[in-house]
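Residue numbers (this note's numbering): 985 to 1141. A virtual CB, placed ideally from N, CA and C, is assigned to each residue, including glycine.
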């Protein structure tokens, strides 16, 4: 049996299929990238209002609760956090996260002992957030702060 020579029609069919595939691929890659790129974006940090400096003046490890809106991929959510604020004097402020660096439990300030205590696994942190005892691998997170127009802001990421 003799194999037929390729005809012009079969050549055009194959060429059209190839061109269609290339166009589909060229259109599909950006669409896929657009759909999944938010999952790979790092959340942007922003400054969150903690309150008036006058209200926090002379505070010593005062617990301050706040809320903020965070965008995670396509989802916007309102989150609640709390921190400990200390007036270090001369316009300086120390703000510590309440989240233990071990497993994320919320620490509390013990005024009598002058330490942060974690109720979950016995972690103890000093007034600078340094680990004194327990399993935490890192100190408490000290957050960036700024004062503008008499308002104390903390940088939330």
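As the crow flies, the alpha-carbon of residue 998 is around 29 Å from that of residue 1017.
Proximity to residue 1123 across 1066, 1113 and 1132 peaks at 1113, based on C-alpha coordinates. Secondary structure in the stretch 1086-1131: the beta strand (DSSP E) runs of 3 residues or longer, each lying completely within the stretch, are 1092-1094, 1099-1101 and 1115-1117 in chain order. Going by C-alpha positions, residue 1087 is about 9 Å away from residue 1104. Straight-line measurement puts the Cα of residue 1054 at about 31 Å from the Cα of residue 1106. In the DSSP secondary-structure assignment, residue 1043 is not bridged to any residue. Residue 1012 and residue 1032 have their C-alpha atoms some 39 Å from each other.
The beta carbons of residue 1051 and residue 1063 sit closer together than 8 Å.
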